[in-house]
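In the working numbering, the protein residues as written are -2 to 390.
Below, the structure is given as structure tokens:
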């Protein structure tokens, strides 16, 4: 919390640059030296960044009491501990300790409402429940987008179309005629694994009563992952179409610990997630989802005796249901795997990493594009700027 007068000092620092320390870029440069030294120089740092996060955690920490919770957070990216180049997902946590994380008061819908209000302030408009069946394109005399056709049959003319859905769906399924040639082949080859998230959303009368719990223990991710090996095993099983063994690798978020507006007084919301659940499950999800949710609950109950008795309602969200209801191929939260060859300037392909497509006026965005997905909205901003630059040209 800032003390009286801090705001004035911060404003002075913004004007003069050095009163509260070196400018940001200089601080970053000064921090780079120790970082390189700690990691064995440039080659050592490159090796760290190219490593799987499981290996990085085993090298840096002596006990699973530290490794396992960090791995649980890294798995939130739908990346296995054995994924080459996955170390950055574990290193994110150090970054969050530097800059913090934020929660919109009122939940995720409050963020959407704020964005809608901002759009309206600029004179923009939007439509809901109007799914697109086709992205319309003409190839002569110029290859350009002409608008969209809704599932209702209505056509909406447009000089530009920006998509935020899976780029494979946008360019290979909805675009009419679809993208063809070598670039279409490269995009079609972009992959997503079978290991994604399954969710159990709970309404409870209390936060999980952790033995020897302390204030603040409910503010972030709460890990029920016992070891990096058990998490890696869960990913291997999911990619083979099987559910993970007990205890199910699980983590929890308790949003009402931070935001009381999300539940009535005396009640809480808790959501459980298994990051290594199969999208395609042998035998299907309909027959397995209740038992699997019970197993996730049992994983928590073993660590928080009495928690199950506080649950008044639950909703299970299987990967299969999320894919169907949200039109979300593979139920992958990042649309495509965030493996080393599908990040940054290679996401989703090198030619499409700048968000501009071969079709004039058609721009791609969303979690399947560069740099990667997340609430920060970085791909959307980059795509919007790309569209503005293209329009000026």
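Just so it is clear, CB atoms sit at the ideal spot from N, CA and C, and this is done for glycine as well.
Closest in C-alpha terms to residue 96, from the list 282, 373, 60, 254, comes 373. As DSSP reads the structure, residue 250 sits in a beta bridge with 268.
If you draw a straight line from the Cα of residue 205 to the Cα of residue 72, it is about 22 Å long. The bridge partners DSSP lists for residue 275 are 192. Assigned with DSSP and collapsed to three states, residue 322 falls in helix. Scanning its chain for C-beta atoms nearer than 7 Å, with the 5 sequence neighbours on each side dropped, one finds around residue 78 the residues 49, 50, 51, 68, 225, 228, 229, in chain order.
In this structure residue 207 is exposed. Its beta-carbon is surrounded by fewer than 16 other beta-carbon atoms within 10 angstroms. Cβ-Cβ distances below 6 Å link residue 203 to 307 in the same chain, with the five nearest sequence neighbours on each side left out; the list follows chain order. Rounded to the nearest angstrom, the gap between the Cα atoms of residue 291 and residue 135 is 52 Å. For residue 273, the closest alpha carbon among the candidates 232, 320, 41 is that of 232. Comparing alpha carbon positions, the residue from 142, 221, 187, 218 closest to residue 160 is 142. Annotation for residue 135: the continuous beta strand (DSSP E) segment containing it runs 129 to 135. Around the C-beta of residue 242, fewer than 16 other C-beta atoms lie within 10 Å, and the residue is accordingly described as exposed. Residue 329 places its beta carbon less than 9 Å from that of residue 75.
Under the three-state reduction of DSSP output, residue 210 falls in the coil class, being neither helix nor strand. Exclusion of the five residues before and after residue 45 leaves 36, 53, 84 as the residues of its chain whose Cβ lies within less than 7 Å of its Cβ. Cβ neighbours of residue 351 within its own chain (closer than 7 Å, five residues either side excluded): 383. In the same chain as residue 265, and ignoring 5 residues on each side of it, the C-beta atoms closer than 6 Å to its own belong to 201, 204, 253, in chain order.
Looking from the CA of residue 86, the closest CA among 358, 335, 356 belongs to 335.
Residue 278 and residue 247 do not touch by the CB rule: their CB atoms are close to 17 Å apart, not below 8 Å. Annotation for residue 82: 47, 337 place their beta carbon closer than 6 Å to its own, counting only its chain and skipping 5 residues before and after. Looking at the backbone, the Cα of residue 103 and that of residue 133 are separated by about 38 Å. Under the 10 Å beta carbon count, residue 40 is surrounded by fewer than 16 other beta carbons and is classified as exposed. Here residue 80 is buried, its C-beta having at least 16 other C-beta atoms within 10 Å.
In this structure, the beta-carbon distance from residue 347 to residue 189 does not fall below 9 Å. Boundaries of the alpha helix (DSSP H) harbouring residue 291: 286 to 298, taken from the DSSP string. Cα atoms of residue 284 and residue 322: separation of roughly 19 Å, rounded to the nearest angstrom.
DSSP places residue 146 within a strand segment (E or B) once states are collapsed to three. Of all alpha-carbon atoms in 115, 344, 151, the one lying nearest the alpha-carbon of residue 126 is that of 151. Closest by C-alpha distance to residue 223, out of 198, 299, 91, 326, is 299. By the criterion of a C-beta distance shorter than 8 Å, residue 214 is surrounded in its chain by 207, once the five residues flanking it on both sides are discounted. For residue 85, the uninterrupted alpha helix (DSSP H) segment begins and ends at 84 to 96. Runs of the alpha helix (DSSP H) lying entirely within the region 356 to 389, each at least 4 residues long, are 375 to 389 in chain order.
When only Cα atoms are considered, residue 211 and residue 162 end up about 41 Å apart. For residue 381, the closest of 55, 158, 114 by C-alpha to C-alpha distance is 158.
As DSSP reads the structure, residue 219 sits in a beta bridge with 249.
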